[in-house]
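> Below are the structure tokens for one structure; questions will follow.
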Amino acid sequence: MRPSRNTILLQALGTALKERRNELGLTQEDVAGQAEIDRPFITMIESAKKQPTISVLWKLAAALQLSPGDFAERVDRRYVSYLAKTPK
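Residues in the sequence shown are numbered from 218 upward in steps of one, following the working numbering.
Put into structure tokens, the structure is as follows:
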């Protein structure tokens with residue numbers, strides 16, 4: 218089964234990841250190391266080109282010093298904001 222490509226949600230995820238990373242003063246390399254994933258994958262998530270698995274989302278949340286729920290909440294706020302700006 219092919220994964221869903223909700224572009225707006227992927228953009229919201231990438232933006233939330235980058236914002237939190239910058240809040241903490243972390244590089245992509247820092248987050249990748251803490252999450253035990255490749256740095257280019259962080260770049261691709263932040264640019265909405267790749268969709269991480271649920272296990273990677275949990276690792277990212279931990280690397281960003283957030284619970285998965287808090288990270289999802291940040292993504293959701295960004296997602297709602299993007300949807301509000303999207304022409305209907």
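Glycine included, C-beta positions come from ideal geometry on N, C-alpha and C.
In terms of alpha-carbon separation, which member of Tyr299, Val297, Val273 lies closest to Ala249?
On the sequence shown, position 32 is the one that residue 249 refers to. The option with the nearest alpha carbon to Ala249 is Val273.
> Ile259: buried (16+ other C-beta within 10 angstroms of its C-beta) or exposed?
Here the question's residue 259 lines up with position 42 in the sequence shown. Its Cβ being crowded by 16 or more others within 10 Å, Ile259 is buried.
> Looking at Gly231 and Glu263, is the spacing between their C-beta atoms short of 7 Å?
Indexing the sequence shown from 1 puts residue 263 at position 46. Indexing the sequence shown from 1 puts residue 231 at position 14. Yes, these two residues count as a Cβ contact at 7 Å.
> Which term fits Ala229, buried or exposed, when burial requires 16 or more other beta carbons within 10 angstroms of its beta carbon?
Residue numbering aside, residue 229 sits at position 12 when the sequence shown is read from its first letter. Result: buried.
> Ordered along the chain, which non-local residues of its own chain (more than five positions away) have a Cβ less than 8 Å from that of Asp287?
As a working mapping, residue 287 is identified with position 70 in the sequence shown. Closer than 8 Å at Cβ, skipping near neighbours: Ala278.
> Can you tell me whether Asn239 is helix, strand or coil according to DSSP?
The residue labelled residue 239 in the question sits at position 22 within the sequence shown. Residue state, collapsed to three classes: helix.
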